[in-house]
Amino acid sequence: YRVQVKVLLFNHSDVDFAVIEGNCVAQLILKRIVTPEVVDVDQLDEAATVEDMAGSEALALESH
Numbered sequence: 001y002r003v004q005v006k007v008l009l010f011n012h013s014d015v016d017f018a019v020i021e022g023n024c025v026a027q028l029i030l031k032r033i034v035t036p037e038v039v040d041v042d043q044l045d046e047a048a049t050v051e052d053m054a055g056s057e058a059l060a061l062e063s064h
């Protein structure tokens with residue numbers, strides 16, 4: 001990435017915060033966002049039920 005990045009820094013302390021050239025004051029995390037293609041179907045294939053699953057997948061489905 002070659003464009004200048006600016007940081008808006010809020011100091012919520014009563015103590016002054018000195019920024020010295022070369023200090024790290026921010027972190028940039030780049031993450032790819034994938035949007036899958038949506039396909040309309042007339043009928044769903046046989047799928048696994050919540051009882052067939054284990055772990056966090058089942059918990060996530062049960063919480064919705």
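Under full-length UniProt numbering, think of the first position of the sequence shown as 1, with each following residue one higher.
Every residue gets a Cβ at the ideal spot worked out from N, C-alpha and C, and that includes glycine.
Considering only the alpha carbon of each residue, which of D42, V41, V7 lies closest to Q27? V7
Assumed close pair L9, V25 - CB separation to whole angstroms, cut-off 8 Å: 6 Å
Contact set for E21: own chain, Cβ-Cβ below 6 Å, skip 5 residues either direction: none
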